[in-house]
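First comes the structure, then the notes that go with it.
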Amino acid sequence: MREAGSGRPLVFLHGWTMDASIFEGQFGRLSDRFHCLAPDLPGHGTARDGAPTLEAAADAVDALLRELSEVVLIGWSMGASVAWSYVRRHGAEALAGLVTVDMSPRLLNGPGWPHGLLGQERAGARAMAARFDADWEGGAQAIASTMFATRDGVPGYGRDRAMRQVTSNEPETMRRIWRALVAADLRDVVPRVPVPVLACHGARSRVYPASAAEWIAGASPQGRRLAFEMSGHSPHLEEPDAFAEAIAKFAGQGACEHAP
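In terms of the working numbering, the sequence shown is residues 663 to 922.
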């Protein structure tokens, strides 16, 4: 668990194959105004012995949020799936707002649903899973290469650092979590989130289409969308100042003030 600052709680949930350290830059920008917390989710980092399921991750978030109130929950990529799973299993009483970052509530595309992983129908998702099974090192390179708008990453967090982070994980655990993500369908939760929602995305994402954030914003009772024009899948790393200010504005004024 990483923790710093005081004030309204901001709880950051990391993506697949990452850990809480991915938000250290945001802590540096926000902990002078907010109480920033970021757990390692089950299967990752210091929690690698945890069950590699979305349900276990949601329950871990619940255990953390029981001690807090008026939380702004910020889920990047898989972290957004964990946030929706948390609302499904535990409700939203502890929340003042929800921020999703470059994620879709349903990864697989299909009839009537073009908002999943870019270019991934069911057969493509199976092929990707098979690649992770057969060649984790190669799969890790693909993950590290698609985190950003440009292949090489950004100053302070380049592709090599991303690669080291991905490969620090236990491969079979990551494969199991990936299969859980692909199987998940959290679309029914989105219209039932009773607090303000900010659906962020990178305008240059090579992972999810902009339409995913548009759908989330439109389906959420109190939703709006925010594009980071220079970012790919990781706006908090690619445009860290703009991302931090967007979070501060959302958490400190505007929509969250009207949260029930």
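Positions of the beta carbon are idealized from the N, C-alpha and C atoms, including for glycine.
For residue i, three-class secondary structure by DSSP
{"i": "Pro833", "result": "helix"}
{"i": "Arg691", "result": "helix"}
{"i": "Trp678", "result": "coil"}
{"i": "Leu899", "result": "helix"}
{"i": "Gly705", "result": "coil"}
{"i": "Tyr748", "result": "helix"}
{"i": "Ala754", "result": "coil"}
{"i": "Arg664", "result": "strand"}
{"i": "Val816", "result": "strand"}
{"i": "Leu626", "result": "Limits of the chain in this structure are 663 at one end and 922 at the other, which puts residue 626 out of reach."}
{"i": "Asp847", "result": "strand"}
{"i": "Gly741", "result": "helix"}
{"i": "Arg854", "result": "helix"}
{"i": "Leu925", "result": "Shown here, the chain extends from 663 to 922; a query on residue 925 therefore has no answer."}
{"i": "Val869", "result": "coil"}
DSSP beta-bridge partners of residue i
{"i": "His697", "result": "Pro671"}
{"i": "Phe890", "result": "Gly864"}
{"i": "Ile909", "result": "In DSSP, Ile909 forms no bridge with anything."}
{"i": "Trp877", "result": "The partner list for Trp877 (beta bridge, DSSP) is empty, contrary to what the question assumes."}
{"i": "Trp840", "result": "The partner list for Trp840 (beta bridge, DSSP) is empty, contrary to what the question assumes."}
{"i": "Gly885", "result": "Val859"}
Assigned exposure category for residue i - 16 Cβ within 10 Å defines buried
{"i": "Met663", "result": "exposed"}
{"i": "Ser743", "result": "buried"}
{"i": "Asp814", "result": "exposed"}
{"i": "Asp822", "result": "exposed"}
{"i": "Pro767", "result": "buried"}
{"i": "Arg670", "result": "buried"}
{"i": "Ser893", "result": "buried"}
{"i": "Ala906", "result": "buried"}
{"i": "Thr679", "result": "buried"}
{"i": "Ser896", "result": "buried"}
{"i": "Ala718", "result": "buried"}
{"i": "Thr812", "result": "exposed"}
- With a floor of 4 residues, list each alpha helix (DSSP H) that falls wholly inside the region 756 to 809, ordered by position along the chain. 784 to 796, 798 to 808
- Message: Would you call the region 790 to 807 in contact with the region 879 to 897, where contact means no fewer than 3 C-beta pairs closer than 8 Å?
- Response: no
- Query: Okay, do the region 737 to 746 and the region 846 to 865 touch, 3+ Cβ pairs below 8 Å being the bar?
  - Reply: yes
- Can at least three beta-carbon pairs, one atom from the region 687 to 698 and one from the region 896 to 914, be found at a separation below 8 Å? yes
- Segment contact flag, the region 830 to 838 with the region 722 to 729, C-beta cutoff 8 Å, min 3 pairs: no
- Report yes or no: do the region 866 to 881 and the region 838 to 846 share at least 3 C-beta pairs separated by less than 8 Å? no
- Message: Under 8 Å, with one C-beta from each stretch per pair, do the region 746 to 754 and the region 849 to 857 reach the 3-pair mark?
- Response: yes
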